[in-house]
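Colleague: Sequential numbering of the sequence shown, starting at 442, is according to this note's numbering.
Submitted below is the structure of interest, expressed as structure tokens.
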Amino acid sequence: MLNGVKYSIDYYQREYKWEREQVEELIDDFQTRFFNHYDPCHERTKVQSYPHYFLGSVVISKKDGKNFIIDGQQRLTTLTLLLIYLNNLQNEKKNGIVNIENLIFSEQYGKKSFNLDIQERERCFHSLYKNEEFNSSDSPESIETMLERYSDIEEIFPDELKGDALAYFIDWLTDNVDIVEISADNDDDAYTIFETMNDRGLPLSSTEMLKGYLLANIDDQDEKNHCHEIWKKYLAELKEVDKSEDASDFFKAWLRGKYAKTFRERTRGAANRDFEKIGTSFHKWVRDEKEKAGLNTHRDFSKFIDLDYSFFARQHKKILENTYSFNEKFPYLYYLYSNGFTSIQYPLILSPLNPGDDENTVNTKINLVSAFLDQFIARRIVNSHNFGNSAISYTIFNFTKDIRGLDIDDLSTELTRFTENIDENFDNIGQLYLNKQNRKRIHRLLARITSHIEKECGIPSNYPDYISWELKKPFEIEHIIPDVWERNQDKFESEAEFNEYRNCPGNLVLLTRGFNQSLGCEDFPLKCKNYFGQNLLAKSLNKDCYKNNPTFLSYISDAELSFEPYEIFGKEEIDRRCDLYLEICNQIWSIDVYDKIVEDHEVMQ
């Protein structure tokens, strides 16, 4: 379908809106289907006999000699991003390369262009294809989204597919992942087809089938009517915040969090278990495993809707509302979201909740679990470890079972034990070098550090502002030492060492766009002078920050932090600055956080 064929999009359809969650789910599906049949002993020709994966249909309008996508641009754009990534990944290998360039771009009438031939995306696609940095300032929203999703693909693409399996996987992806193209000769016919497909004869969703099954098992008509009203009420509320059309994400999170007991073994051809079955057809799982869900009598079905469903729907809505926007009452939910960690967290957060919990208890449990996940993810980021679904889903599933239904004290104890047993810590922060793949992660890390020290000093600070690209002048990563080797040869043993140290966290702060660019090539003394008017992390490089500033001085003394001003800035100074960042990270992600959350709960009680 993509081989040498051009597709365009009308101007009113140009927004690309997929989020990390959809991309992660797609890649996870691909990986699961592929590894169910892949064997490293197979010849590559064996791949053609592997089962196919159906990715749905797209609707195309053929006009003016071009193919215009009426329905399907989200999938085709995501596939193009994935193909570009796979092509770049192959460029690092010496053999076993699969030629997929014609699926990305091709020549027509003597001119080379991308197969998704959309003018505003051309520069972005070109930069990604060449594996180059792309300045997205003043770009449309779709471009920002595409760059974020490409970054997500880089982060979550499974390591197991990057080695000898890569060529086999690309063969399977290009030949065994199927899309049906439905074409019309004009827009009117294309939209008629699209509307017919979406308006008529649609199969019932898993949500609708689950409702039908549950209600059918309630004998009393009045009780059945009551439960039906309860179902409609909370489903409508969920749809206001749930990104899935029929709130199916909630049902997967609730059922996995409270009832799933088994997980598919990581062996070739292993059968799906509770976790996977709930993810694909949760209505069938409830029907087939009703005893696990406690559905043994007609009264159980009524209770399942009236008590359990209504309670967990309310809590899931609360969690989502405080995930997508920052709330001081639930800060960790937003921290997780800002790092692209979403769907896999919800079963774990719902797991310890019980329908009898009061609001303060529920809020405390949400904060305890989300604080643990924040610890878990921060440590993986600093150690450059993947936290895509395929890398950590089994670990998170076991955590989910271990904390299911616990009270606050037992939950705090378990989470403390989990944290103490995490292999990663923050000691390797000096080896966390900035690159294109982790730029977003390091930006978030610097934002947390900056926001934390400012709040500790009583300075108004807003973490979302430090990471937002919607501000007129958003914050960007600033290299303290400019990228001018000739002026820094006396501080480093080689240019390679200079480049390595430049991208070390100790040489990085956040500055607003424009101000950052204006200082780019200036030497440290001039930069440091201008840092004094900026956020506290940048300001602390300047000696004037330590004058007539009793709150700051008191804070660094009480917290025993090694803040210091600098007259010059080189290798030794970057090392000392890295040590400071390590101290702050250990303060932010202290294991004492659970005790603090429990203390706040007791005060509220």
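Virtual Cβ for every residue (Gly too), placed ideally from N, Cα, C.
Note that the structure is a prediction, hence the values are computed from the model and not measured.
Is D690 helix, strand or coil when you go by DSSP?
Modeller: In the sequence shown, the residue the question calls residue 690 occupies position 249. In this structure, D690 counts as helix in the three-state DSSP scheme.
Colleague: Identify every residue that forms a DSSP beta bridge with Y494.
Modeller: Mapped onto the sequence shown, residue 494 falls at position 53. Answer is V618.
Colleague: Out of curiosity, what's the CA-to-CA distance linking E678 and L761?
Modeller: The sequence position of residue 678 within the sequence shown is 237, counting from 1. The sequence position of residue 761 within the sequence shown is 320, counting from 1. Answer to the nearest angstrom: the Cα atoms are 11 Å apart.
Colleague: Along the chain, where does the beta strand (DSSP E) containing S909 start, and where does it finish?
Modeller: Residue 909 sits at position 468 when you count from the first residue of the sequence shown. Note, S909: premise wrong, no beta strand (DSSP E); not H, not E.
Colleague: In the DSSP assignment, what residue or residues form a beta bridge with L557?
Modeller: Position 116 of the sequence shown, counted from the start, is the residue given in the question as residue 557. Looking at the DSSP assignment, L557 forms a beta bridge with Y448.
Colleague: CA-CA distance, G829 and L794?
Modeller: Residue mapping note: residue 829 aligns to position 388 of the sequence shown, counting from 1. Residue mapping note: residue 794 aligns to position 353 of the sequence shown, counting from 1. So the alpha carbons of these two residues sit roughly 25 Å apart.
Colleague: Is the distance from the Cβ of D593 to the Cβ of V464 below 9 Å?
Modeller: The sequence position of residue 593 within the sequence shown is 152, counting from 1. The sequence position of residue 464 within the sequence shown is 23, counting from 1. Yes.
Colleague: Hey, how far is the Cα of R714 from the Cα of R697?
Modeller: Residue 714 sits at position 273 when you count from the first residue of the sequence shown. Residue 697 sits at position 256 when you count from the first residue of the sequence shown. Cα to Cα, the separation comes out at about 11 Å.
Colleague: Are the beta-carbon atoms of R885 and K914 separated by less than 9 Å?
Modeller: Locating residue 885 in the sequence shown gives position 444, counting from the first residue. Locating residue 914 in the sequence shown gives position 473, counting from the first residue. Taking 9 Å as the Cβ cut-off, R885 and K914 do not qualify as a contacting pair.
Colleague: For G871, count the other beta carbons within 10 Å of its own beta carbon; 16 or more makes it buried, fewer makes it exposed. Which is it?
Modeller: Numbered from 1 along the sequence shown, position 430 holds the residue referred to as residue 871. Classification for G871: buried.
Colleague: Tell me, to the nearest whole angstrom, how far the beta carbon of P481 is from that of D660; I am working on the premise that it is less than 8 Å.
Modeller: On the sequence shown, position 40 is the one that residue 481 refers to. On the sequence shown, position 219 is the one that residue 660 refers to. Not a contact, Cβ separation roughly 56 Å.
Colleague: Alpha carbon to alpha carbon, how far is I611 from V488?
Modeller: As a working note, residue 611 is residue 170 in the sequence shown. As a working note, residue 488 is residue 47 in the sequence shown. Distance between the alpha carbons of I611 and V488 is about 10 Å.
Colleague: Could you give the DSSP three-state label for V488: helix, strand or coil?
Modeller: In the sequence shown, counting from the first residue as 1, residue 488 sits at position 47. V488: helix per DSSP, three-state reduction.
Colleague: Mind checking whether L856 and N824 have CB atoms under 9 Å apart?
Modeller: In the sequence shown, counting from the first residue as 1, residue 856 sits at position 415. In the sequence shown, counting from the first residue as 1, residue 824 sits at position 383. Not closer than 9 Å, so no.
Colleague: How close, in whole Å, do the beta carbons of S568 and E574 come, if the pair is a contact with beta carbons under 8 Å?
Modeller: Position 127 of the sequence shown holds residue 568. Position 133 of the sequence shown holds residue 574. Right, the Cβ-Cβ distance comes to about 7 Å (below 8 Å), so this counts as a contact.
Colleague: With the cut-off set at 9 Å, would you say I818 and I790 are in Cβ contact?
Modeller: Locating residue 818 in the sequence shown gives position 377, counting from the first residue. Locating residue 790 in the sequence shown gives position 349, counting from the first residue. No; because the gap between Cβ atoms is not below 9 Å, this pair is not in contact.
Colleague: Where does the unbroken alpha helix (DSSP H) through I921 begin, and where does it stop?
Modeller: Walking along the sequence shown from the start, residue 921 turns up at place 480. Counting along the chain, I921 falls outside any alpha helix (DSSP H), and DSSP gives it neither H nor E.
Colleague: Is the region 485–500 close to the region 615–634, with three or more CB pairs under 8 Å?
Modeller: Yes: at least three Cβ pairs fall under 8 Å.
Colleague: Pull up the distance between the alpha-carbon of G642 and that of G720, whole angstroms please.
Modeller: Residue mapping note: residue 642 aligns to position 201 of the sequence shown, counting from 1. Residue mapping note: residue 720 aligns to position 279 of the sequence shown, counting from 1. With a pLDDT of 48 at G642, under the threshold of 50, the modelled position of that residue is not reliable, and no figure is offered here.
Colleague: Run through DSSP, which three-state label would E548 get?
Modeller: For the purposes of this step, residue 548 is taken as residue 107 along the sequence shown, with counting starting at 1. Strand.
Colleague: Identify every residue that forms a DSSP beta bridge with K507.
Modeller: In the sequence shown, the residue the question calls residue 507 occupies position 66. Looking at the DSSP assignment, K507 forms a beta bridge with K504.
Colleague: Would a C-beta distance cut-off of 9 Å place P796 and F838 closer than the cut-off?
Modeller: Here residue 796 refers to the residue found at position 355 when the sequence shown is read from its first residue. Here residue 838 refers to the residue found at position 397 when the sequence shown is read from its first residue. No, they are not a contact pair.
Colleague: Cutting at 6 Å between CB atoms, please list the residues of its own chain near N529, excluding the five before and the five after it.
Modeller: Translated into the one-based positions of the sequence shown, residue 529 becomes position 88. N572.
Colleague: Please name the residue in L527, V1034, T521 whose C-alpha comes closest to that of S547.
Modeller: By 1-based counting over the sequence shown, the position of residue 547 is 106. Considering only alpha carbons, the answer is T521.
Colleague: Starting from L789, trace the alpha helix (DSSP H) both ways and give me its first and last residue.
Modeller: Here residue 789 refers to the residue found at position 348 when the sequence shown is read from its first residue. From DSSP, the alpha helix (DSSP H) with L789 extends over 786–791.
Colleague: For H893, does the count of other Cβ atoms within 10 angstroms reach 16, so buried, or fall short, so exposed?
Modeller: Position 452 of the sequence shown, counted from the first residue, corresponds to residue 893. The residue in question, H893, is buried, as its Cβ has 16 or more Cβ neighbours within 10 Å.
Colleague: Counting only the same chain and skipping the five closest in sequence on each side, list residues whose C-beta sits under 7 Å from that of Y835.
Modeller: The sequence position of residue 835 within the sequence shown is 394, counting from 1. F704, listed in sequence order.
Colleague: For M587, count neighbouring Cβ atoms within 10 angstroms of its own Cβ and tell me buried if that reaches 16, exposed if not.
Modeller: In the sequence shown, residue 587 corresponds to position 146, counting from 1. M587 is buried by the Cβ-count criterion.
Colleague: Between the Cα of N827 and the Cα atoms of E563, I623, E601, which residue gives the shortest distance?
Modeller: Within the sequence shown, numbered from 1, the residue matching residue 827 stands at position 386. Nearest C-alpha to N827: E601.
Colleague: For L569, report the span of its alpha helix (DSSP H) as first-last.
Modeller: For the purposes of this step, residue 569 is taken as the residue at position 128 of the sequence shown. Unbroken alpha helix (DSSP H) run through L569: 563–570.
Colleague: Have a look at E636, N983, N804, N617 and flag the residue whose alpha-carbon is nearest the alpha-carbon of I1009.
Modeller: Taking the first residue of the sequence shown as position 1, residue 1009 is located at position 568. Ranking the options by Cα distance to I1009, first place goes to N983.
Colleague: Return the bridge partner residues of I870 from the DSSP annotation.
Modeller: Locating residue 870 in the sequence shown gives position 429, where the first residue counts as 1. DSSP, once it has assigned bridges, lists no residue as partnering I870.
Colleague: How many Å lie between H1087 and N944 at the Cα?
Modeller: Lying outside 442 to 1046, the shown extent of the chain, residue 1087 is not represented and no answer is given.
Colleague: Please state whether DSSP places S624 in a helix, a strand or coil.
Modeller: For the purposes of this step, residue 624 is taken as residue 183 along the sequence shown, with counting starting at 1. Here S624 sits in strand by DSSP.
Colleague: Which ranges does the alpha helix (DSSP H) cover as unbroken runs of at least 4 residues, wholly within the region 713–766, from first to last along the chain?
Modeller: If we require 4 residues or more, the alpha helix (DSSP H) runs fully inside the region 713–766 come out as 715–729, 739–744, 751–762.
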